[in-house]
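Counting with my numbering, you get residues 333 to 655 for the letters of the sequence shown.
In this text, a Cβ means the ideal position worked out from N, Cα and C, and glycines have one as well.
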Amino acid sequence: MSKILIIHTGGTIAMEENKESGAVAPGKENPLNATLENLLSGVDVMIDDFLNIPSPHMTPDIMFKIAERIETRIRQEHISGVVISHGTDTLEETAYLLDLVLQTDLPVVVTGAMRSSNELGSDGPYNLISSIKVACCDEAKGKGVLVVLNDEIHTAKNVTKTHTSNVSTFQSPQYGPIGIVTKQRVFFHHTLTNRDRYHISGLTKNVMLLKAYAGMDSQLLFAAGNLEIDGIVVEALGQGNLPPEMMEGIKHLRKKGIAIVMVSRCFNGIVQDVYGYEGGGKMLKDNGIIFSNGLNGQKARLKLLVTLEATENPEDLHKLFLR
Ligand SMILES: NC(=O)C[C@H](N)C(=O)O
Numbered sequence: 333m334s335k336i337l338i339i340h341t342g343g344t345i346a347m348e349e350n351k352e353s354g355a356v357a358p359g360k361e362n363p364l365n366a367t368l369e370n371l372l373s374g375v376d377v378m379i380d381d382f383l384n385i386p387s388p389h390m391t392p393d394i395m396f397k398i399a400e401r402i403e404t405r406i407r408q409e410h411i412s413g414v415v416i417s418h419g420t421d422t423l424e425e426t427a428y429l430l431d432l433v434l435q436t437d438l439p440v441v442v443t444g445a446m447r448s449s450n451e452l453g454s455d456g457p458y459n460l461i462s463s464i465k466v467a468c469c470d471e472a473k474g475k476g477v478l479v480v481l482n483d484e485i486h487t488a489k490n491v492t493k494t495h496t497s498n499v500s501t502f503q504s505p506q507y508g509p510i511g512i513v514t515k516q517r518v519f520f521h522h523t524l525t526n527r528d529r530y531h532i533s534g535l536t537k538n539v540m541l542l543k544a545y546a547g548m549d550s551q552l553l554f555a556a557g558n559l560e561i562d563g564i565v566v567e568a569l570g571q572g573n574l575p576p577e578m579m580e581g582i583k584h585l586r587k588k589g590i591a592i593v594m595v596s597r598c599f600n601g602i603v604q605d606v607y608g609y610e611g612g613g614k615m616l617k618d619n620g621i622i623f624s625n626g627l628n629g630q631k632a633r634l635k636l637l638v639t640l641e642a643t644e645n646p647e648d649l650h651k652l653f654l655r
């Protein structure tokens, strides 16, 4: 019989709507546990009520604690797979951080819900059961951390929240889901070709994320230079270009030894050093900017947070971000 460890962290999936005020908030008891009793058979579940927080309260340090908790439980007990329930706002970040630092090849699935436990059409119990089905599945081994909602299986690396309220919010814009969950089976139809993970003992660096816009200048970059930061991710324009007025600030941060990773604010494609004009990709590359490989800004930030634990050498960081 499969033994599945369920780690609850909170989010709408564990919340209730107050019928008078309409406010959605965490209740005293996690309603998911009752669901499990009623809906599951043939699976041995171990429930860890680790947290009950909305996911905007999640931090990389807590994500790392979840990773340590998973590794410890896997070392101590016979576990077939892990399911983590989580708020959807930062779900993709926790999933990706776990993907970067977990050393296990067992299935690890992150899920959530868009509707709270007592709302009409509540999607939490369904998503939880789908996730348990995936975590029980041999084929889910070695695929990295997976995100399962709305009958779809996504990789932590590619999935993102695309809609503020729709239950089909989780999408992998560039590549689509890697599998589906139906009433009768879990079906993987393709697989991730490159995945990286790092053996680190904690997160000690400070990395920030900035979004570029037409007419942006260097003010925020100079302000960032006065903060205690080790790295910065810039969501640049198009294939990886910035307004020329940002160049001064970029050079200033590089002189201070702050690692700068660039992603695109487009949600498809990768950044490249194509353009030779002032602020264009070629000039950015010449100034030591690291080009990322299609990750979105929030995930590139986590990757820089993790990789800076392993190396501060720009050449090495550059290679890691090509993966
Ligand atoms: N659907 C959700 O879970 C959203 C909620 N604000 C959270 O992330 O905790």
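Listed in chain order, the beta strand (DSSP E) runs fully inside the stretch 468-545 are 478-481, 484-487, 511-513, 518-520 and 539-543, counting runs of at least 3 residues. Look at threonine 492: its beta carbon is at least 7 Å from all of the heavy atoms in ligand 1. Here valine 440 is buried, its C-beta having at least 16 other C-beta atoms within 10 Å.
Residue side-chain check: aspartate 549 keeps its Cβ at 7 Å or more from all non-hydrogen atoms of ligand 1.
Of the heavy atoms belonging to ligand 1, at least one sits nearer than 7 Å to the Cβ of alanine 445. With a contact defined as Cβ atoms closer than 8 Å, histidine 584 and glycine 613 miss out at about 19 Å.
Around the beta carbon of methionine 333, fewer than 16 other beta carbons sit within 10 angstroms, so the residue counts as exposed. Taking all protein chains in view, the Cβ of threonine 525 is surrounded by fewer than 16 other Cβ atoms within 10 Å, so the residue is classified as exposed. Between serine 504 and threonine 487, the C-beta spacing is below 8 Å. As DSSP reads the structure, phenylalanine 623 sits in a beta bridge with Met594.
Excluding residues up to 5 positions away in sequence, Ser387 and Met390 lie with their Cβ nearer than 6 Å to the Cβ of threonine 422 in the same chain. Closest in alpha carbon position to serine 462, among Thr496, Val518, Met594 and Pro363, is Val518. Distance between leucine 364 and valine 442, taken at the CA atoms: about 14 Å. For leucine 616, the closest C-alpha among the options Gln571, Asn490, Ala555 and Ser500 is that of Gln571.
A residue is called buried once 16 or more other Cβ atoms fall within 10 Å of its Cβ, and glutamate 424 is buried on that count. Here aspartate 431 is near glycine 476, since their CB atoms are less than 8 Å apart. The beta carbon of isoleucine 379 lies closer than 8 Å to those of Ile338, His340, Asn365 and Leu368 in the same chain, with the five residues before and after it left out.
Cβ-Cβ distances below 7 Å link asparagine 573 to Tyr607, Gly611, Gly612 and Gly613 in the same chain, with the five nearest sequence neighbours on each side left out; the list follows chain order. Just so you know, the alpha carbons of leucine 569 and proline 576 end up roughly 12 Å apart.
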